[in-house]
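Protein chains in written order, with our numbering: chain H, 128 to 475; chain C, 41 to 536.
Backbone N, C-alpha and C define an ideal beta-carbon position, used for all residues, glycine too.
Written below as structure tokens is the structure these notes are about.
Put into structure tokens, the structure is as follows:
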């Protein structure tokens, strides 16, 4: 069968890349020795294809920390590890110099993260994705991007001071390996501030982030789950918004973008904006499910002007893979940004 | 002829009468029925549903008849109830085979039961003569896993889909969510457009949806939507296993009002602490520490800021839940180097007998009641477990007479959830009682063998044939012992 042969090829390719990455595992960039050409090349999506939908209710073989205090971020952000070896967390892992505070829920192939990395170079950002192979792609991609930046740094420094050049000749990347995407400019942050991990955020987001840890949450082009029977699987819902509110600090922002108009209204409704846009049918649907909780008192919608001026919104619209695809197909993009308000007082 | 088994009590509940009523009543569910007994004499007072009634709901006074629908899932009816049904000359048997939840309001005024397969929450009042007066029957769309009460007596349910709902104990005659006929007639709008789906297959199915939407108005759909008042308070994306409601005095001295909280536990190791309604969307913290499903949350009345939780882990945890801090991690099985059998906590009870405060723990499918002394500072001391004649199914603590009533499984071999005893014993042991000895240094128990226990044990519940087919046996076993199904199972490679 062609399909299985294809599948095998993909698996073999991925294994090869993973092995190569594991061998050097970031040490190469620090020790200053030249990076092998394979590690400079960006991965190709065709080897990492996976079905677009995952069942958020099933038990995957997930890895997740017992609690946020048990999460080992040091392997994700080696450039930000606290140099003091006594600074360890509940699981004995090295602590970071700062906390992760931006999350892209359902990051897919990572367009948003890669786009945001230079925009917020001092902020640690993590993309969470439920599909194994997609996460693997993004991890490989981020490693390659970091290696490219490191390589650029080395070559530029070596041209200025030829004395420090290592005896081993640096592989002539452009001639042996045609690399059209090889960057020539240095990016602020060198992509050291982004990472990806596999997670089911609908179930386990509180295992990763403590209360009020996050300043931004992105939900970009979520799986629309068109069928009414599948609406429970949507990543935006009144009950899940309570969890986002828990992880988001007061003043923090939650960004959403979708190309499905109905889902956009769904998002607005589930953040408590019930009277907008006169979508009567669905309003009744919500009421039929009983009086909804008051999650609206935790969020307010950010005004249009502020949204338009936000650099993150531009990246969200233009740099994400889905955003590009929607533009190609001349679809619509619906953006809604919500600001976390402070918790209300206990009822007296 | 081989003797038959008696269906053991799945739940036991003590209904204490307050307002000068003459007696306390012990209520127990066995198979598809609920029995009431006089708590002093053990004499059986009543059975619900009544044998002669055409339908279990025939004496259903206050509920809306349109709520009563056929159960969504057709399941094989308990062979035992089939037998009794045929004995009652072709009368319809109940549409459920077990009653997994039986609880009563804190004031003892009302009894709330969940009937299994039809997923129906039923509220009863116990009459003077011990008979059951069904006040309401509400079908819920998803199977509740826990039912508790808020401080205004509203029912709080946690269901299989992870949602916590509240509903008034007595449904109002005029529900505010009355379904609109226009809403049912409404043709479903199609959310997808050619702008959002692109592949040929998706476009084709979109075209088909449009055609279908044009011709038919789906009338049957949404008819099972509840017609009574109910509020969605919070939700997990996981099966809920237990829900607790607590009120604490405010730490702020200027406020006399108590602060209420909802604690919800799920299959994915989470214990969430949310504020009580109307602020249930505010999550205060999580209690992290379990590595397997949680099955039971227990908050002692004498120390409402302490939580005792257990589940699929070989230990239970004592928490200060307001901070999420673990005070104690208490092993439930002896640690041995070789791989130990997996255990699951069936339930946890907290009891105070005078100055003595005990935590009682029963593991699923074991005939031992483990008990521990819990000091006010959170320190915990284990004691030699109490042994019973069969697997412990439920426990009721009577603090007033220093006694625990234990419902034991008289069908299965002690220590097994699957193996049946070779021969039934007559009379069957349905209940055992133990009394705490007075003035001993360590807590010690002595068996109580009074007429009340022997009268209840001598009375028959539901007959389970000793020659039941193995397939039907498995169904019966599952209805009593379902906890292992909560454990996560992985099949082969995981790349979906």
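is_contact[residue i, chain C] using C-beta, thresh 9 Å
{"i": "residue 366/H", "result": "yes"}
{"i": "residue 74/H", "result": "As shown, chain H starts at 128 and ends at 475. That puts residue 74/H outside it, with no answer to give."}
{"i": "residue 370/H", "result": "yes"}
{"i": "residue 290/H", "result": "Its pLDDT being 44, under 50, residue 290/H is placed unreliably in this model, and the value from its coordinates should be taken loosely. By this cut-off, residue 290/H is not an interface position."}
{"i": "residue 543/H", "result": "As displayed, chain H neither begins before 128 nor continues past 475, which places residue 543/H out of reach and without an answer."}
{"i": "residue 255/H", "result": "no"}
{"i": "residue 274/H", "result": "no"}
{"i": "residue 307/H", "result": "The predicted position of residue 307/H is uncertain, since its pLDDT is 49 and thus under 50; no value can be drawn from it."}
{"i": "residue 448/H", "result": "no"}
{"i": "residue 443/H", "result": "no"}
{"i": "residue 458/H", "result": "yes"}
Whole-angstrom distance between residue j and residue i, CA atom to CA atom
{"i": "residue 110/C", "j": "residue 162/C", "result": "The pLDDT assigned to residue 110/C is 41, lower than 50, so where the model puts this residue is not dependable, and the model offers no usable value."}
{"i": "residue 472/H", "j": "residue 322/C", "result": "11 Å"}
{"i": "residue 145/H", "j": "residue 267/H", "result": "8 Å"}
{"i": "residue 323/H", "j": "residue 468/H", "result": "28 Å"}
{"i": "residue 361/C", "j": "residue 235/H", "result": "36 Å"}
{"i": "residue 293/H", "j": "residue 273/H", "result": "Its pLDDT being 42, under 50, residue 293/H is placed unreliably by the model, and the measurement read from it follows with that caveat. Between residue 293/H and residue 273/H, the C-alpha separation is close to 20 Å."}
{"i": "residue 53/C", "j": "residue 202/C", "result": "26 Å"}
{"i": "residue 194/C", "j": "residue 131/H", "result": "57 Å"}
{"i": "residue 442/H", "j": "residue 382/H", "result": "11 Å"}
{"i": "residue 204/H", "j": "residue 336/H", "result": "16 Å"}
{"i": "residue 459/H", "j": "residue 205/C", "result": "37 Å"}
{"i": "residue 464/H", "j": "residue 138/C", "result": "49 Å"}
{"i": "residue 421/H", "j": "residue 199/C", "result": "20 Å"}
{"i": "residue 362/H", "j": "residue 284/C", "result": "26 Å"}
{"i": "residue 493/C", "j": "residue 471/C", "result": "6 Å"}
{"i": "residue 436/H", "j": "residue 241/H", "result": "20 Å"}
Residue from the options with nearest C-alpha to residue i
{"i": "residue 326/H", "options": "137/H, 344/H, 230/H, 256/H", "result": "256/H"}
{"i": "residue 462/C", "options": "469/C, 452/C, 456/C", "result": "452/C"}
{"i": "residue 174/H", "options": "276/H, 263/H, 251/H", "result": "263/H"}
{"i": "residue 370/C", "options": "253/C, 418/C, 234/C", "result": "418/C"}
{"i": "residue 371/H", "options": "85/C, 280/C, 276/C", "result": "276/C"}
{"i": "residue 137/H", "options": "165/H, 164/H, 382/H, 170/H", "result": "170/H"}
{"i": "residue 269/C", "options": "315/C, 180/C, 139/C", "result": "180/C"}
{"i": "residue 136/C", "options": "164/C, 168/C, 73/C", "result": "73/C"}
{"i": "residue 365/H", "options": "387/H, 389/H, 398/H, 349/H", "result": "398/H"}
{"i": "residue 345/H", "options": "245/H, 379/H, 316/H, 354/H", "result": "379/H"}
{"i": "residue 388/H", "options": "234/C, 307/C, 429/C", "result": "234/C"}
{"i": "residue 358/H", "options": "411/C, 231/C, 307/C", "result": "231/C"}
{"i": "residue 425/C", "options": "343/C, 250/C, 398/C, 438/C", "result": "398/C"}
Proximity test, Cβ basis, 9 Å: residue i and chain H
{"i": "residue 241/C", "result": "no"}
{"i": "residue 305/C", "result": "no"}
{"i": "residue 231/C", "result": "yes"}
{"i": "residue 308/C", "result": "yes"}
{"i": "residue 285/C", "result": "no"}
{"i": "residue 323/C", "result": "yes"}
{"i": "residue 355/C", "result": "no"}
{"i": "residue 314/C", "result": "yes"}
{"i": "residue 331/C", "result": "yes"}
{"i": "residue 525/C", "result": "no"}
{"i": "residue 82/C", "result": "no"}
According to DSSP, residues forming a beta bridge with residue i
{"i": "residue 347/C", "result": "359/C"}
{"i": "residue 165/C", "result": "150/C, 173/C"}
{"i": "residue 322/H", "result": "253/H"}
{"i": "residue 232/H", "result": "255/H, 346/H"}
{"i": "residue 338/C", "result": "348/C"}
{"i": "residue 412/C", "result": "399/C, 422/C"}
{"i": "residue 514/C", "result": "Its beta-bridge partners do not exist; DSSP assigns none."}
{"i": "residue 427/H", "result": "466/H"}
{"i": "residue 570/C", "result": "Outside the displayed range of chain C (41 to 536) lies residue 570/C, so it cannot be described from this structure."}
{"i": "residue 207/C", "result": "195/C"}
{"i": "residue 427/C", "result": "408/C"}
The stretch 510-527 of chain C touching the stretch 388-406 of chain C, judged by at least three CB pairs closer than 8 Å: Cβ pair count under 8 Å is three or more, so yes.
When the Cβ atoms of the stretch 239-251 of chain C are set against those of the stretch 167-180 of chain C, are three or more pairs found closer than 8 Å? No contact exists between the stretch 239-251 of chain C and the stretch 167-180 of chain C.
Is the stretch 223-230 of chain H touching the stretch 239-253 of chain H in the sense that three or more CB pairs, one from each, lie closer than 8 Å? Between the stretch 239-253 of chain H and the stretch 223-230 of chain H there are three or more C-beta pairs closer than 8 Å, enough to call the two in contact.
How about the stretch 370-388 of chain H and the stretch 349-366 of chain C: do they share at least three Cβ pairs that are nearer than 8 Å? Between the stretch 370-388 of chain H and the stretch 349-366 of chain C, the count of C-beta pairs closer than 8 Å stays below three; the two stretches do not touch.
Cβ pair count under 8 Å reaching 3, the stretch 68-85 of chain C against the stretch 44-51 of chain C: Segments in contact, yes.
Segment contact flag, the stretch 190-204 of chain H with the stretch 309-317 of chain H, C-beta cutoff 8 Å, min 3 pairs: With a cut-off of 8 Å, the stretch 309-317 of chain H and the stretch 190-204 of chain H do not count as touching, because too few Cβ pairs lie within range.
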